[in-house]
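Q:
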Amino acid sequence: MTNILLADIALRAGGALLKRGVERGVMGQKLGAKKAARVIKGRSMTQTLIGTALARMATRSVPGAIVVGGGLLAKTLYDRRKGKAARADGQAALEKQAKKGE
941 MTNILLADIA LRAGGALLKR GVERGVMGQK LGAKKAARVI KGRSMTQTLI
991 GTALARMATR SVPGAIVVGG GLLAKTLYDR RKGKAARADG QAALEKQAKK
1041 GE
């Protein structure tokens, strides 16, 4: 039983480290490594829980993946229609989140 518990802890810790590394890598390409780290650190508990719930929903079933993917597609199309205003709002939100992570 102890070995199973240790394996579970190791897998969860490794998964968390991998997730953080992928987030930094993806966001770092656009924002820069330091700013990406601050944005990730400045995330609220609500943002973290929503992201986790959506990822879990998308990976557990095909209908969940369709719903989450459809929502992301709709948000992308909405932002493109709004154009520069949506881009400016997004940059402002990232700056605010990065300041919380300092």
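Just so we're aligned, residue 941 is where the sequence shown starts under my numbering, counting upward by one.
By construction, the Cβ of each residue, glycine as well, lies at the ideal position given by its N, Cα and C atoms.
No experiment lies behind these values; they were computed from the predicted model shown.
For the alpha helix (DSSP H) that Arg964 lies in, which residues bound it at each end?
A: First-last of the alpha helix (DSSP H) with Arg964: 942–971.
Q: Can you list, in chain order, the stretches of the alpha helix (DSSP H) that have 4 or more residues and sit fully within the stretch 974–1027?
A: 985–1000, 1002–1022
Q: Look up Gly1041 in the DSSP assignment and say whether it is helix, strand or coil.
A: coil
Q: If we count the other Cβ atoms within 10 Å of its Cβ and call it buried at 16 or more, is Val979 buried or exposed?
A: buried
Q: Using 8 angstroms for Cβ pairs, my map puts Gln1037 next to Gly982. What's the rounded Cβ distance?
A: 4 angstroms
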